[in-house]
Structure formats: C-alpha cells, structure tokens
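Per the numbering used here, the sequence shown runs over residues 23 to 144.
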Amino acid sequence: MPQDHTERRVVVTAPPRRTRRTHRASGYYRPRTEIDEQTTLGHTYVRSLMRTQLRAALTVFAILGLLVGPLPLLFAATPGTGRLEWAVLGFGLYLPLVLLAHWYVRRAERNERDFVRLVEDR
Numbered sequence: 023m024p025q026d027h028t029e030r031r032v033v034v035t036a037p038p039r040r041t042r043r044t045h046r047a048s049g050y051y052r053p054r055t056e057i058d059e060q061t062t063l064g065h066t067y068v069r070s071l072m073r074t075q076l077r078a079a080l081t082v083f084a085i086l087g088l089l090v091g092p093l094p095l096l097f098a099a100t101p102g103t104g105r106l107e108w109a110v111l112g113f114g115l116y117l118p119l120v121l122l123a124h125w126y127v128r129r130a131e132r133n134e135r136d137f138v139r140l141v142e143d144r
C-alpha cells in the first residue's frame, strides 16, 4: 500500500457554541415570553397584577365608604341651616379625598413597577 503524503482534511461537525436556548429545554424561563405566548404561567402573572390592583382599589373604596357613608346620619342628627353640610362636604372632605387619591396612584404605580421588574428579570 502506498502512503499518500497529501494532507487530508477532516471536517468536524459540532453543535454551534452560541445558540439560543429555549426556555423550556434549558430550565430557564422568561416571564415576558410566558405572557406574550399566553401560557398558563403568563396568565397567572397577569392575574396576579390584576389582583393586587383590585386589592388597592377595594381598599380605597372601603375607606371612602367609611369616610362618606356616615355623613347622612351626621347631617340628620344635627339640625342646621345647611351650612354645616356644605362646610363638611366642601372643605372637610377635600383633603382626605386628595390624600386617598394620592395614595392610590402611588400604590398602583408601585404595583406596576414591581410587575415590570419581575417580567424584565431585573
């Protein structure tokens, strides 16, 4: 057998080193992908955000009901010319309503910020 001194080329095939791994195959998941694909887990994330927003809204509604609800009883118990009613409605409720609205907006923004931080993996 004669020996051939020419170089032989060997082709090595291997999987590429830089591949995008799917979140299911690698055990890694991205919540944003889950939400975009509308999977059960993504639905759970969105439902959790909606639940926290609803909880904040119901809290504000309950405080508002406790603040404004007894006013007709107070007005009926105190006979007057109507000045007390207008003073309470016009001036007495303004500051608590503004503070309650401010608290609600801050709470809703914080809930959304926490949700974005969860989804963006920060």
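All C-beta atoms in this analysis are idealised placements derived from N, C-alpha and C, irrespective of residue type, glycine included.
Remember, predicted model here, so these are calculated numbers, not experimental data.
1) Assuming contact is defined by CB atoms lying nearer than 8 Å, are residue 100 and residue 93 in contact in what I supplied?
2) If I measure Cβ to Cβ from residue 102 and keep anything under 8 Å in the same chain, skipping five residues before and after, which residues do I get?
3) If you drop the 5 nearest sequence neighbours on each side, which residues of the same chain put their C-beta closer than 8 Å to that of residue 142?
4) Compute the distance between the beta-carbons of residue 122 and residue 85, then report whether it is under 8 Å.
5) Report the CB separation of residue 36 from residue 75 in whole angstroms; it is logged as a contact under 8 Å.
6) For residue 120 and residue 69, I'd like the C-alpha separation in whole angstroms.
7) Starting from the C-beta of residue 64, find all residues in its chain whose C-beta is less than 6 Å away, skip the five residues before and the five after it, and write them out in chain order.
8) When burial is assigned at 16 or more other CB atoms within 10 Å of the CB, is residue 113 buried or exposed?
9) Considering only residues of the same chain and omitting the five flanking positions on each side of residue 82, which have a CB-CB separation below 7 Å?
10) Quick one, which of 80, 72, 88, 87 has its alpha-carbon nearest residue 136's?
So, from the data block:
1) In this structure, residue 93 does not lie closer than 8 Å to residue 100 by Cβ.
2) Cβ within range, chain order: n/a, list empty.
3) Only 54 meet the Cβ criterion.
4) Going by C-beta atoms, residue 122 is nearer than 8 Å to residue 85.
5) Actually they do not touch by this definition, with Cβ atoms about 50 Å apart.
6) Cα-Cα distance, rounded: 29 Å.
7) These residues qualify, in order along the chain: 56, 57.
8) Its Cβ having fewer than 16 others within 10 Å, residue 113 is exposed.
9) Within the same chain, 122, 126 come within 7 Å of residue 82 by CB-CB distance, once the 5 residues on both sides are set aside.
10) Selection 80, 72, 88, 87 evaluated against residue 136 yields 72 as nearest (Cα-Cα).
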